[in-house]
Amino acid sequence: MAKQVLQPGPDHPITVEPTKARVVVKAGGRVVADSRNALTLQESTYPAVQYIPLADVDASVLERTDHGTYCPYKGEASYYSLKAGDVQGENAVWTYEQPYDAVAPIKDHVAFYPNVVDSIDLVED
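Each residue of the sequence shown is one higher than the last, beginning at 23 in the numbering used here.
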């Protein structure tokens with residue numbers, strides 16, 4: 023059965039824009055991501071999500087999992103577990119490796135569940 027594919031619109035808007043500040047993610051008492059090239063994805067009435075280039079994330083804290091989910095607006099999501107100090111978050115980081123066209127800029131970016139990490143800070147330089 024084919025998965026439903028939906029387009030953002032007035033009833034479910036999605037925007038992807040460059041984040042106007044540096045994004046620093048801390049977990050287990052250390053910096054696990056630091057980027058001046060993050061993207062802010064705002065989907066409908068949900069809280070904005072920071073998508074950070076994978077190149078700006080400490081790869082040593084990520085462990086690929088077999089978990090996956092599907093969003094009809096963004097596509098198939100793949101997951102990583104986060105292991106940093108006392109933070110052991112299973113499937114705490116997600117990515118859209120082949121995102122749908124409406125959110126194409128988030129390719130090669132990851133997002134962190136804010137309830138798993140210590141903080142996701144927007145820092146003005």
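Each residue gets a CB set at the ideal place from its N, CA and C atoms; glycine is no exception.
Would residue i and residue j be called neighbours here (beta carbons separated by less than 7 Å)?
{"i": "V45", "j": "I74", "result": "yes"}
{"i": "G111", "j": "L104", "result": "yes"}
{"i": "A127", "j": "V47", "result": "Correcting the residue identity first, residue 127 is Pro in this sequence and not Ala. Not closer than 7 Å, so no."}
{"i": "A55", "j": "D78", "result": "yes"}
{"i": "V139", "j": "A49", "result": "yes"}
{"i": "P94", "j": "Q26", "result": "yes"}
I'd like the list of long-range same chain contacts for residue i, defined as Cβ closer than 7 Å, with 5 residues on each side in sequence excluded.
{"i": "E85", "result": "Y102, S103 and K105"}
Tell me, please, which residues DSSP counts as bridged to residue i.
{"i": "K48", "result": "V53 and S141"}
{"i": "Y68", "result": "According to DSSP, Y68 bridges with nothing at all."}
{"i": "E39", "result": "T62"}
Apart from the five residues just before and just after residue i, which ones in its own chain have a Cβ nearer than 6 Å to its Cβ?
{"i": "G51", "result": "G107"}
Quick check on the burial criterion: 16 or more other C-beta atoms within 10 angstroms. Buried or exposed for residue i?
{"i": "L63", "result": "buried"}
{"i": "A60", "result": "buried"}
{"i": "A24", "result": "exposed"}
Inset, instruction - Counting only runs of 4+ residues fully inside the segment 95-132, write out the alpha helix (DSSP H) ranges in chain order. - result: none
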